[in-house]
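In the working numbering, the protein residues as written are 743 to 1395. We put the CB at the ideal spot given by N, CA and C, even for glycine. It should be emphasised that the depicted structure is a prediction, and the values quoted were computed from it without experimental measurement. Note sheet for the following structure.
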Ligand code: SF4
């Protein structure tokens, strides 16, 4: 059955090198197989990657550099529900090869940008090539302009967005842009939209910077097609009603994700002092109540979202007085307070503002600075290495480091290379940086949660919680679960959460207020005219997970790379209800092998041929067969795997 709504079936293909523009038709088959934002992103990155490995060695360190070359692509795609009347339907994905990790990556952001892109008539915007000078792109329905952005060089994200709107003469134009960090190709630079909605993780801002692309502005005036509008309205009304009647709805509007601070501190997994403690002594100075009482001046929301989790905070007194930011949300708060030994929320607001303005991911930035502090404390690196001494709670030095990283000054030039570059320069930093696949860990401690450890270890983009967040469930009811139950919940999360990124909706109504999955399947069916079930959608989500895994294994990722940060095995948690806890490596190993088995991957984490074929990824199976071979086994893998693979196959994949 053909698609009758939800998609425009058009992709805007833009080449910055020669400023050419092409509109490409997208087939129903493609749009149903690789649904929306993350699905299309994975497919286009796969096509780029498959062609690329014929020319360069398939190794992640090579692709980490290739990510910053002109021919890397970035696909910006909302989903079939984006822009429609359905709760929180304002999400958009950016997909590319990550300059931080060298493997497939995507990052998701909210606001209105994706809605406007669809209204301009496109399901996705594909950007390739690099401009000779700094430019911004303006997509105005069918017209695309490449506009000189030299005057914006070095400008922050807020200033850039303002300037672009003024230049175009339209306050309603939607802008996604980078700050100095992106221009300087900081490996964890983000793309910022609407002054606080960031595609934060995995360095999409550096890909923009490498392309000399300062910003994209979009304006659209077209209607969006919906197959059965009455049915969609009925489903949406029920979903809105469900959310508004939920007992946590008011708290959510009041605090947003900041309510998590108290919860995690109480259950003892609030990352503190660089993921070594799970309880922060002065949590009441950095929690949601403190934010509401002393800082919050308003709410903001993404498109069609009643939860409106965006807090607008203003520092009203003290040395950071006058700083205003959209945020901070929980991750930023943890990274710049408990995990850095700081109990001052006004400092968090300031650090958040700086990161947003300079255009850097707050998780990676905070994580790396905390690791630097611990490294100095343990004499892993010296004052001479850094250029100055830095200790827990030294706020001014942290703020200076944020600037130094964004502008690649002094030690900032090393830190701007992210975990991969830092560990390559100082091998012993491996013991203090919490990362998986060189993506810095987000703000949930995994010492007391085997599920969370597995979620980080097997996340396809690195140590990010966006694919699976099973920690709360496990701590509340799952401590005694067996291995199969724990693996099952991780697998379920890794199917359902990325599905939201495919559909173009926010996962928070589901994860925080438990909006039932059936609403999403109903809304998809009503919109597209293709009757589907949640099971079918989860199947499609799992297909994409296998596709992104295929990119990883072709780049040499194996079982060795699927472990959580070393600390969760080697350093017991220091305080609170989980004091002394750590993950047993032996038990993790069993969980990992069970996980592979349930996924249909071999003992090294390589998707089996029949698994890929089950998902209709026959071409992917062929490439894996050709490049890695069916005889690939545990014995032939491990440390030497990449070398062997490339020695045998060279550039011939
Ligand atoms: S819950 Fe928050 S992040 Fe999600 S769509 Fe609503 S406002 Fe945006």
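{"Asked": "Length-filtered (3 minimum) beta strand (DSSP E) runs lying within the segment 1056-1109", "Found": "1066-1068"}
{"Asked": "Cβ contact (3+ pairs, closer than 8 Å) linking the segment 918-926 and the segment 881-898", "Found": "yes"}
{"Asked": "Contact check, residue 1310 vs residue 1325, beta carbons under 9 Å", "Found": "yes"}
{"Asked": "Endpoints, the alpha helix (DSSP H) within which residue 827 is located", "Found": "That residue, residue 827, is in no alpha helix (DSSP H); it is neither H nor E in DSSP."}
{"Asked": "Where residue 932 sits in the DSSP three-state scheme", "Found": "coil"}
{"Asked": "Contact under 9 Å by Cβ, residue 953 with residue 871", "Found": "yes"}
{"Asked": "Nearest candidate by alpha-carbon position, reference residue 1347, set 1289, 1313 and 1319", "Found": "1289"}
{"Asked": "Three-way DSSP call (helix, strand, coil) for residue 1181 in this model", "Found": "strand"}
{"Asked": "Distance, residue 1155 Cα to residue 1107 Cα", "Found": "13 Å"}
{"Asked": "Contact test: residue 1240 Cβ vs the ligand SF4 heavy atom, cutoff 8 Å", "Found": "no"}
{"Asked": "Strand pairing of residue 851, partner residues [DSSP]", "Found": "834"}
{"Asked": "Residue 999 vs residue 1051 beta-carbon contact at 9 Å", "Found": "yes"}
{"Asked": "Rounded straight-line distance, which links the Cα of residue 903 to that of residue 936", "Found": "7 Å"}
{"Asked": "Beta carbon nearer than 6 Å to a non-hydrogen atom of the ligand HEM", "Found": "Ligands in the displayed structure: the ligand SF4; the ligand HEM is not one of them."}
{"Asked": "Segments of 4+ residues assigned as alpha helix (DSSP H) that fall wholly inside the segment 1315-1358", "Found": "1327-1341 and 1351-1356"}
{"Asked": "Burial state of residue 861 (16 or more Cβ within 10 Å)", "Found": "buried"}
{"Asked": "At least three beta-carbon pairs within less than 8 Å, the segment 841-860 to the segment 797-810", "Found": "yes"}
{"Asked": "Start and end residues, alpha helix (DSSP H) containing residue 1261", "Found": "1260-1270"}
{"Asked": "Environment of residue 1207 [buried if 16+ CB atoms lie within 10 Å]", "Found": "buried"}
{"Asked": "Cβ-based burial, residue 1074 [other Cβ within 10 Å; buried from 16]", "Found": "buried"}
{"Asked": "Strand pairing of residue 1052, partner residues [DSSP]", "Found": "1042"}
{"Asked": "CB contact flag (residue 1144, residue 1093, <9 Å)", "Found": "yes"}
{"Asked": "Supposed close pair residue 1262, residue 1245 - CB separation, criterion 8 Å", "Found": "6 Å"}
{"Asked": "Nearest candidate by alpha-carbon position, reference residue 1343, set 1212, 1369, 1200 and 1193", "Found": "1200"}
{"Asked": "Whole-angstrom C-beta distance between residue 1088 and residue 1130, which should lie under 8 Å", "Found": "Not really, about 23 Å apart at Cβ, beyond 8 Å."}
{"Asked": "Distance CB(residue 840)-CB(residue 945) smaller than 9 Å", "Found": "yes"}
{"Asked": "Residue span of the alpha helix (DSSP H) that contains residue 1035, given as start and end", "Found": "1030-1036"}
{"Asked": "Length of the line joining the Cα atoms of residue 756 and residue 918", "Found": "16 Å"}
{"Asked": "Own chain residues within Cβ distance below 8 Å of residue 1352, not counting five before or after", "Found": "1342"}
{"Asked": "Helix, strand or coil at residue 1379 according to DSSP, with G and I counted as helix", "Found": "Residue confidence is low: residue 1379 scores 42 on pLDDT, short of 50, so the model does not pin down where it sits. Its coordinate-derived value is still stated next. DSSP places residue 1379 in coil when its eight states are reduced to three."}
{"Asked": "Local Cβ density within 10 Å of residue 1258, reported as buried at 16 or more and exposed below that", "Found": "exposed"}
{"Asked": "Residues that residue 879 bridges to, as DSSP identifies them", "Found": "888 and 958"}
{"Asked": "Backbone CA spacing between residue 1036 and residue 976 [nearest angstrom]", "Found": "40 Å"}
{"Asked": "DSSP three-state assignment for residue 1013, whether helix, strand or coil", "Found": "coil"}
{"Asked": "Exposure label - residue 1179; buried when at least 16 CB within 10 Å", "Found": "buried"}
{"Asked": "Environment of residue 1295 [buried if 16+ CB atoms lie within 10 Å]", "Found": "buried"}
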